[in-house]
Amino acid sequence: MLAGLCNGPNGGGARYALALIGTVVGLVVATGLAATAGPALAQRRAALLPSAEAPDTVTFNRDIAPLFFEHCSTCHRPGTAAPFSLLTYEDARPWARAIRQATSTRSMPPWKPEPGYGGPFLGDRRLSDAQIDLIARWVDAGAPAGDPADRPPMPEGLGGWRLGEPDLVIEMPEPFLLRADGDDVFRKFAIPIPISETRFVEGLEFQPAVRDTGSAPASNPRVIHHANMRLDPTPASRTLDARDPEPGFDDVTPFDAQFPLGHLLGWTPGQDRPLVAEGMAWRLDAGTDMLLELHLMPSGQPEVVQSRIGLYFTDEPPTKIPFTIRLGKQDLDIPPGATDYRSRDRYVLPVDVVVHGIHPHAHYLAREVRARATLPDGTSRWLLYIRDWDASWQDYYFYAEPFRLPRGTELEMEFRFDNSAGNRRNPHFPPRRVTWGPRSSNTMGDLSIQVLAHSASDREILAGDRRPIEMAEDIVGFEMILEAEPDQVTVHDDVARLYLLFGEAEEALAHFRESARLEPESPAAQYNVGTTLLQLGELDEAVAFFERALRLDPEYAPVHNNLGAALRSQGKLEEAIRRFRQAVRARPDDEDALYNLASTLTLRGEFTEAIALYRQVLALLPDAPEPFAELGWLLATQPDPTPEDVQQAVGLAEHAAQLTGRRDARVLNTLAAAYAAAGRFDEAAATARAALALLRDSGSELAAAIRQLLDLYTEGRRYRRPR
């Protein structure tokens, strides 16, 4: 309940020391204790023993312990960021006067949402007026212990895991030593998840400190500002971690490391995450690593950091997949002295949704957070209002009763910032210009809203509408960071990937080139430049960068794959096949390399091996239309196909057509050939005509080929590939 005393922009050590001195002095004054006061000492000893208090005397065991267990001990227990525990009378008694002060001013327990402005929320820690008065009466009575028989049993979880014993506990493989001082540290740690089959996760609990590490020093939870947890189904995070000589890495976050669909996995001090709503568990596949991203703040002395995560499984697969709408602007640029800088964002829902939770995120300059929803009929409802924002107490707020918002509802958020000397939480004295960025010295103002669409198609509509908006905003933010810190390799890589998603390869190339200039010994940096050049058709230069990457790391499988693609585009099929084979040897389940090898062997006329490889690809990529269509074409156009081959060809081509919504001319051309191989010539001709109708350029090579095949089908003949 009092952990906020030690939190602050720089760990709050000095502030906490002053508060502690004041508290001790206050206790002496309040209780009349003195080193030489014999009667007072006797009274203090008596307070520790059971006594016959008046019936209306408030005691710890009967009245205060239940209140602390419910509202305070989430934080105030061993192994947390709080400076002391409140699990026992002996823990609480020395802090009685400070507890009264903190609760009477409502600074503790920390609960930032204003009542009546959204909610109610699960896990509300706010004390009622009657409970605050009860604490005051206890302190005024001398903070008596009361009868030990009156003390209720300690709730399950207060001594360890809040959600009960996890089904699986994972932890940082090695402790990380945080330096004593300097700037904030952003460090990522790849943690293997030892499961052998797909599991479904209904709960997650993060513990910043590992206490039972044998001879290793205990972690200091106070140095962790916040944590994010992503899932990486590839070896990328593990590889980056292994390359760094220290535990963890500070390189770019691998692109494949993502939050589970619709879920934000994060932790901040004081947070108490419930289990997910029924039917909303998230999928965890075997072979996945947890990428733990920690924002660490030096405390003035070297600190050991080693955290762990508890996972809670359910046997029920998810029946509902939520979506997270993130509102917020990343062009924040707050001048020094500004007391009323505002950031606003709006979004109109394209589908009906049910709102389950809300999560505001900002740094130390934020003062207020407002979030509202205006329905199509003009009525408005609060989603959240925080009058006194405190970056040390950020939380995920889940609504006790999720509610519906119809299509056409406008979501609106507003953050107010104070960059003046009057903001006691301002990390800069004197105030200075502050722009958007992830560091504590920067500022942010985002609001994430977890919603559930009524159907999978509605969810896709929402995702397709919202994600480009959020990615465009990310580009603005990353470019702002680079304006101030142009040597940030990770940011260059992140913004380059976003530009690629928008189809702006030239902009991406400029950033990847800068990363390669800044880190000339990084094979990943050379690979990224080469891959972007390959997309732009700059084949010779792409090959040069791929070869440079392989000189730095000859076993880098993706480089072999993309180098093979560049060589194939240059018509060097033999060399391309050799590179694809090397990529497959390095990673036998690399679907891209397998597919490229199969398609290149097809060009060489080596159909038997190509067919076997395509079958491997289908098992790895059940939703990719290209390998289905290409294998269907090979089987359907063989000189002497078996009835089984023909049947498979039709099935493969029909599946590819379904995956593409029958809107891909090449796939329909394959389907027509499969129908013809099965003797279904009327269907073959109709499908070929449908393929021609999709082509805008009737003079293209594909159009000419389809017309020739259509002539065969109308004559009742199938196409046979030359022997």
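Note that our numbering has the sequence shown beginning at 518, numbered continuously upward.
Idealized CB from N, CA, C, for every residue including glycine.
- In the DSSP assignment, the residues bridged to T891 are S897 and E927.
- Less than 9 Å separates the beta-carbon of I992 from that of F1019.
- Straight-line spacing of the CA atoms in G1122 and L1051 works out to 25 Å.
- A direct Cα-to-Cα measurement between R1237 and A1191 gives close to 11 Å.
- Listed in chain order, the non-local C-beta contacts of E1024 below 7 Å within the same chain comprise Y1016, local neighbours out to five positions each way being set aside.
- S974 and W655 have their C-alpha atoms roughly 58 Å apart.
- Take P637, set aside five residues on each side of it, and the residues of its chain with a beta-carbon closer than 8 Å to its own are Y916, A917 and E918, in chain order.
- Unbroken beta strand (DSSP E) stretches of 3 residues or longer found wholly inside the segment 758–835: 799–801, 806–813, 820–822 and 825–831, given in chain order.
- The three-state secondary structure of H971, taken from DSSP, is coil.
- Per DSSP, reduced to three states, the secondary structure at G874 is strand.
- Membership of V575 in any beta strand (DSSP E) is not indicated, and neither H nor E is assigned to it by DSSP.
- Between L680 and L792, the C-beta spacing is below 9 Å.
- Under the criterion of beta carbons closer than 8 Å, P877 and L849 do not qualify as touching, at roughly 15 Å.
- Its Cα nearest to that of P661, the residue A582 stands out among T1119, T1048 and A582.
- The straight-line gap separating the alpha-carbon atoms of E631 and R1213 is approximately 58 Å.
- Inter-segment contact for the segment 796–804 and the segment 704–724 is present: three or more beta-carbon pairs are separated by less than 8 Å.
- With contacts defined by Cβ atoms closer than 9 Å, G827 and Q967 do not form a contacting pair.
- Counting along the chain, the unbroken alpha helix (DSSP H) around A1066 starts and ends at L1056 to L1069.
- The alpha helix (DSSP H) runs of length 4 or more contained entirely in the segment 583–669 are, from start to end of the chain, 606–609, 613–621 and 646–657.
- For G1168, the three-state secondary structure derived from DSSP is helix.
- Here N745 has G783 and E810 as same chain residues with Cβ atoms under 6 Å from its own Cβ, once five neighbours each way along the sequence are excluded.
- The three-state secondary structure of V951, taken from DSSP, is strand.
- When the five nearest sequence neighbours on each side are left out, the beta carbons in the same chain lying within less than 7 Å of the beta carbon of A658 are those of T574 and V575, in order along the chain.
- The C-beta of F1029 has 16 or more other C-beta atoms within 10 Å across all chains shown, which makes the residue buried.
- The segment 684–693 makes contact with the segment 816–835, as at least three CB pairs between them are under 8 Å.
- The way I'd put it, the segment 891–911 doesn't touch the segment 838–845; fewer than three beta-carbon pairs between them come closer than 8 Å.
- Each residue's CA atom was taken as its position, placing F840 and L778 some 7 Å apart.
- If you draw a straight line from the Cα of W678 to the Cα of L1151, it comes to about 57 Å.
- Between the segment 950–969 and the segment 989–1007, the count of C-beta pairs closer than 8 Å reaches three or more; the two stretches touch.
- For N745, the enclosing beta strand (DSSP E) stretches over residues I741 to D749.
- Note on A774: 16 or more other CB atoms within 10 angstroms of its CB, so buried under the neighbour-count rule.
- For the pair N1045 and I998, the CB atoms are not nearer than the 9 Å cut-off.
- Take L1069, set aside five residues on each side of it, and the residues of its chain with a beta-carbon closer than 6 Å to its own are P1040, in chain order.
- Under the three-state reduction of DSSP, F1019 is assigned to coil, being neither helix nor strand.
- In the three-state DSSP reduction, G845 falls in the strand class (E or B).
- In this structure, DSSP gives S1116 a helical state, which the three-state scheme calls helix.
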